[in-house]
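Student: With the UniProt record's numbering applied, the sequence shown corresponds to residues 1 to 341, in that order.
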Amino acid sequence: MKKINQFFWFCSGANFNILKRAPTENNKYFGIGGAIFFTGILATISAAYALFTIFQSIWFALAFGVIWGLMIFNLDRFIVSSMRKRNHAWSEWKMALPRLTMAIILALVISKPLELKIFEREINRKLDEQKTLMIAESKEALKTGFTEIDDLEIQKDSLKSEVNKAKDYRDKLQQEYDLERFGTKTDGTSGIVGLGSNAKKKEQQLDAAQNNLSELSSKTQEKIDELDEEIKRIVMLRAAEFEKIQPNIDGFDGLAARIDALAVLTSESKALRLANLMIILLFIAVETAPIFVKIISPRGPYDELLDLAEKGVEVYANEKTVKLVSESEERLKEMKVKYEI
């Protein structure tokens with residue numbers, strides 16, 4: 001237990017020798033040290049997650065996460081240990097304001113990667129939506145770059161339209177031929193039953209239309225097959241272009257993309273925005289807690305003993321300065337007498 005106490009006293013930046021002489025202050029500095037230590041731990045986790053998101057390497061992320069956590073720990077320790085209790089509230093607040101500003105900035109930096117982890121599922125869902133949209137936009141953009149497909153499809157439709165016209169003409173002649181054979185009276189038929197001269201004439205027209213349709217269908221099909229092959233080739237080129245873009249879309253899950261997705265989510269959902277704000281405020285509270293403890297705590301025995309120790313150093317330094325100046329003046333006098341200056 002003694003080692004744990006000393007460890008957290010070290011984290012608080014307190015002087016062991018002085019703190020041992022002020023036992024009533026032990027718990028206060030134990031708590032301050034604990035807050036600083038766990039802030040460093042959170043900073044390590046936060047940085048490790050952020051770096052893992054960027055580099056996808058757990059060992060690299062852990063190594064730099066520990067370095068970042070130690071840096072935040074040391075900075076927090078310095079901020080708290082550099083504050084002094086002087087029984088002057090306004091001067092203490094003025095001294096604390098830049099430290100509080102720094103603590104709030106650190107809290108915001110530390111909290112952001114952990115926010116991303118807490119809302120990871122929602123962010124992944126939003127990223128999937130954005131990826132789907134990016135895929136659709138990319139395909140649409142590629143279509144505008146391969147307009148040849150539309151031109152070829154128009155040519156196919158034109159060829160099919162010619163065949164359909166020939167087929168409609170053949171069907172019309174077939175209908176007239178049938179009406180003529182069965183003696184149905186119309187504007188284009190005689191109304192005489194049987195294969196008369198009119199029926200034979202219409203049969204000849206029908207055979208010619210059928211032959212023309214067969215010949216046209218054969219030639220048109222060849223052209224359509226050629227157009228289909230060309231369309232297939234262009235589609236493959238378009239697919240190859242999309243495959244080049246696909247990795248960029250699949251890799252759209254980096255740190256910046258996740259931060260942007262979180263911003264979109266918080267703008268869309270009031271509940272999520274409130275939850276995100278509570279997390280930020282929690283980290284700010286944790287980061288600024290040691291400073292506020294220093295400010296609101298009354299001046300205690302530790303502060304008195306620390307001032308006394310610093311005053312002793314100051315007095316000793318002044319005495320040494322006066323002594324050195326005095327000795328220097330004596331030596332100068334001796335030199336003036338000796339050399340009759």
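Glycine included, every Cβ here is placed at the ideal spot set by N, Cα and C.
Mind checking whether I123 and A261 have CB atoms under 7 Å apart?
Tutor: Yes, Cβ-Cβ distance for I123 and A261 is below 7 Å.
Student: Let me make sure I understand the geometry here. Which of R84, L227 and E334 has the alpha-carbon closest to that of I149?
Tutor: Per the Cα distances, L227.
Student: Going straight from the alpha carbon of V315 to that of F55, what length do you get?
Tutor: Going by the C-alpha atoms only, they are around 55 Å apart.
Student: For residue 430, is the classification buried or exposed, using 16 other Cβ atoms within 10 angstroms of its Cβ as the cut-off for buried?
Tutor: Only positions 1 to 341 of the chain appear in the structure, and residue 430 is not among them; the question remains open.
Student: Specify whether the segment 304-312 and the segment 16-25 touch according to this definition: at least 3 beta carbon pairs, one from each stretch, less than 8 Å apart.
Tutor: Yes, since at least three Cβ pairs between the segment 304-312 and the segment 16-25 fall closer than 8 Å, the two stretches touch.
Student: Pick helix, strand or coil for S82, following the three-state DSSP scheme.
Tutor: Looking at S82 - three-state DSSP - the assignment turns out to be coil, as it is neither helix nor strand.
Student: Along the chain, where does the alpha helix (DSSP H) that runs through Q6 open and close?
Tutor: Looking at the DSSP string, the run of the alpha helix (DSSP H) that includes Q6 is K2 to S12.
Student: Between K3 and chain C, is there a C-beta pair that is closer than 7 Å?
Tutor: The chain labelled as chain C is not found in the depicted structure, where only one protein chain is given.
Student: Keeping to the same chain, check which residues put their C-beta closer than 7 Å to that of Q6; ignore five residues upstream and five downstream.
Tutor: So the qualifying residues of the chain are F16.
Student: Suppose contacts are defined by Cβ-Cβ distances below 7 Å. Is A50 in contact with P98 by that definition?
Tutor: No, they are not a contact pair.
Student: Give me the Cα-Cα distance between A47 and W68, rounded to the nearest whole angstrom.
Tutor: C-alpha separation (whole angstroms): 7 Å.
Student: Just verifying my parser: in three-state terms, what is the DSSP assignment at T132?
Tutor: DSSP places T132 in helix when its eight states are reduced to three.
Student: For F292, does the count of other Cβ atoms within 10 angstroms reach 16, so buried, or fall short, so exposed?
Tutor: Label assigned to F292: exposed.
Student: From I279 to E137, what distance separates their C-alpha atoms?
Tutor: C-alpha separation (whole angstroms): 35 Å.
Student: Does at least one heavy atom of the ligand COA sit under 6 Å from the Cβ of S217?
Tutor: What this structure holds is no ligand at all, so the ligand COA is not there to describe.
Student: Less than 7 Å between the C-beta atoms of V163 and S218, yes or no?
Tutor: Their beta carbons are not under 7 Å apart, which means V163 does not touch S218 by this criterion.
Student: Please return the same chain residues whose Cβ sits closer than 6 Å to the Cβ of G40, not counting the five positions on each side in sequence.
Tutor: Hits under 6 Å: G69, I72 and F73.
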